[in-house]
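Report on the structure given below.
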Amino acid sequence: FFKGLPEKTTVRYHNGPIVSPLNDPLLPDYTVLAHFRTEVGLYPPQKGTMVNTPAIVSASFGRGRVVSISPHPEATNGLKSMIGTSIRWANGKTAAKPVKAGKAD
């Protein structure tokens, strides 16, 4: 999906959402495009809630497609292209398809 970018990298994070499955049969499955492998937490209740959760997800929804990016690649050198790639994919301007990382549990 994000061709030419490193498989593992550090990206700016500033209180973006932590994604977890809703298990709602009316919502489509989502594809995980990237995971958090470390965490940022300011308060004790946050500890342990971020590691191995999805950082970037995509899905079909209604008649369109969506990409949700929790961290800030637009504020990280070398990762700004992720925004344009995501927008083009979501509006159907590219045939690129996310690699299925497995159904979220």
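Counting the sequence shown from 1 gives a position; my numbering is that position plus 3.
We treat Cβ as the ideally placed atom computed from N, Cα and C, and that holds for glycine.
In three-state terms, what does DSSP make of residue i?
| i | result |
| --- | --- |
| P88 | It is Thr, not Pro, that sits at residue 88 in the sequence shown. T88 falls in the helix class under three-state DSSP. |
| H75 | strand |
Does the Cβ-Cβ distance between residue i and residue j come in under 7 Å?
| i | j | result |
| --- | --- | --- |
| S115 | L36 | The displayed coordinates of the chain run from 4 to 108. Any statement about residue 115 would go beyond what the structure contains. |
| T16 | P74 | Reading the sequence as shown, one finds Tyr at residue 16 and not Thr. Yes, the Cβ-Cβ distance between Y16 and P74 is below 7 Å. |
| V22 | P76 | no |
| F5 | T88 | yes |
With a cut-off of 7 Å, does the C-beta of residue i fall near any C-beta of chain D?
| i | result |
| --- | --- |
| W92 | No chain D is present in this structure, which holds just one protein chain. |
Can you name the start and end residues of the beta strand (DSSP E) that residue i belongs to?
| i | result |
| --- | --- |
| I59 | P57 to F64 |
Going straight from the alpha carbon of residue i to that of residue j, what length do you get?
| i | j | result |
| --- | --- | --- |
| R40 | K96 | 31 Å |
| K83 | L8 | 10 Å |
| T56 | H38 | 6 Å |
| P101 | E10 | Low local confidence applies: a pLDDT of 47 at P101 is under 50, so the model's placement there is unreliable, with the coordinate-based value given in what follows. Going from the Cα of P101 to the Cα of E10 covers about 14 Å. |
| V54 | G65 | 30 Å |
| E42 | T12 | 14 Å |
| P47 | P20 | 17 Å |
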